[in-house]
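See below for the structure under consideration.
Chains as they are written, first to last, in my numbering: chain A, 293 to 431; chain B, 293 to 431; chain C, 293 to 431.
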């Protein structure tokens with residue numbers, strides 16, 4: 293069994309943002325040399341998400357709106373977590389709703405995706421360097 | 293390490309629907325010959341979900357109601373994604389809330405499940421042929 | 293390829309509760325002898341969740357509040373599932389929103405975590421013994 297580990301670092305310049313990281317994950321899979329296996333991609337921070345959806349700008353705005361409806365950033369005193377001095381209580385909830393990780397099959401050395409699947413990094417508390425883990429196992 | 297890949301195809305005749313796909317996944321695990329490992333089951337489309345819950349008709353209706361409360365299909369102009377000409381903005385959000393995939397342990401050649409766990413395909417934009425990927429790795 | 297399977301049993305004394313199970317999962321990884329691989333941790337019940345977030349009491353209260361907003365326990369006749377005689381329709385929905393499972397990378401024999409990642413068991417229908425599955429594969 294082969295395994296490969298790689299960190300991807302990002303700094304989203306605003307509080308929230310969405311970035312298509314599929315090319316970086318594809319590069320990690322190629323670097324792994326794995327032909328058949330699984331690829332785990334997860335946020336290493338608890339105010340960010342990794343998810344699979346469509347790379348369409350309007351859709352990303354829809355996610356943004358709905359997450360703000362379900363867990364609005366303000367008023368920040370709505371979150372007990374913010375009593376710690378943080379202002380990111382909403383970001384923890386948003387990440388929970390969008391998910392921490394995806395596991396993608398690797399077949400014939402490539403991500404085994406349907407026609408529109410793309411991997412996104414969802415940032416909910418940005419403006420600092422944060423990272424994603426890619427772990428590949430297989431043969 | 294062994295690996296096995298299989299696609300399951302479905303055509304849900306209505307816009308939304310839920311289908312218990314546990315028997316098909318069990319068959320794929322048997323076909324794999326894997327005794328100890330992991331089984332990834334994911335929607336290959338971004339308007340559908342694979343999840344584990346209870347096979348109880350009332351519960352599936354509860355999911356349906358709550359997903360419509362959180363991300364209603366209409367009015368369709370509520371979703372910027374629908375400016376592309378699509379009418380499935382809600383389906384992308386519903387899939388995100390329900391999840392893309394499940395990873396299930398394989399132990400002694402079978403899905404290692406608790407008493408009520410069943411795997412479902414959740415369709416949010418049906419009336420066409422769509423597919424689920426089953427990828428098994430292990431020994 | 294090595295594999296290791298372990299069940300963790302819990303009895304949360306109230307209907308809902310959150311428990312940090314990271315130490316138990318770490319012990320299972322050590323017991324596995326796996327140095328490089330993947331660790332699946334999933335609820336074996338469909339009214340409970342396994343998720344990764346911050347071990348901060350206020351945040352857990354925020355999750356509790358928001359889950360009650362999105363899928364309140366009462367009135368119980370709001371859920372068709374409860375027509376079966378159960379009163380846990382909300383618990384199935386809460387688990388769905390929080391997620392069934394996490395997959396965590398194992399690197400150099402340990403859970404490969406970012407600075408604040410902790411694994412939680414989220415109970416939404418407690419007061420009885422329930423269990424979590426840990427399945428480790430790798431080398």
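All C-beta atoms, glycine included, are put in the ideal place defined by N, C-alpha and C.
Query, Result
"Per-residue DSSP class, three states only, for residue 334 (chain C)", "strand"
"Neighbour flag for residue 404 (chain A) against chain B, beta carbons, 8 Å", "yes"
"Sequence-distant residues of its chain with Cβ nearer than 6 Å to residue 382 (chain B) (five each side left out)", "363 and 365"
"Closer than 9 Å at the beta carbon, the chain A residues around residue 390 (chain B)", "Per Cβ cutoff of 9 Å: no residues; residue 390 (chain B) is ~10 Å from chain A at best."
"Residue range of the beta strand (DSSP E) that includes residue 309 (chain C)", "309 to 312"
"Run of the beta strand (DSSP E) containing residue 394 (chain A), from where it starts to where it stops", "393 to 399"
"Straight-line gap, residue 374 (chain B) to residue 334 (chain B) (C-alpha atoms, nearest Å)", "25 Å"
"Residue 337 (chain B) and residue 351 (chain A) closer than 8 Å at C-beta", "no"
"Run of the alpha helix (DSSP H) containing residue 352 (chain A), from where it starts to where it stops", "349 to 362"
"Burial state of residue 430 (chain B), where buried means 16 or more other Cβ atoms lie within 10 Å", "buried"
"CA nearest to the CA of residue 387 (chain B), picked from A:325, A:344 and A:306", "A:344"
"Residues that residue 350 (chain B) contacts on chain C, provided the C-beta gap is smaller than 8 Å", "371, 372, 373, 374, 375, 376 and 381"
"Rounded straight-line distance, which links the Cα of residue 306 (chain C) to that of residue 299 (chain C)", "21 Å"
"Contact list for residue 425 (chain A) against chain B, beta-carbon separation under 8 Å", "Simply none; closest approach about 16 Å."
"Under the three-state DSSP convention, the category residue 326 (chain C) falls into", "coil"
"Limits of the alpha helix (DSSP H) - the one that residue 384 (chain A) falls within", "381 to 390"
"Three-way DSSP call (helix, strand, coil) for residue 304 (chain A) in this model", "coil"
"Contact list for residue 337 (chain B) against chain A, beta-carbon separation under 9 Å", "406, 407, 408 and 409"
"CB contact below 8 Å: residue 412 (chain A) versus chain B", "no"
"Chain-ordered neighbours of residue 355 (chain C) on chain F, where CB pairs are closer than 9 Å", "The displayed structure is made up of protein chains A, B and C, and chain F is not among them."
"Own chain, CB closer than 6 Å to residue 392 (chain A), minus 5 neighbours either side, in chain order", "334 and 335"
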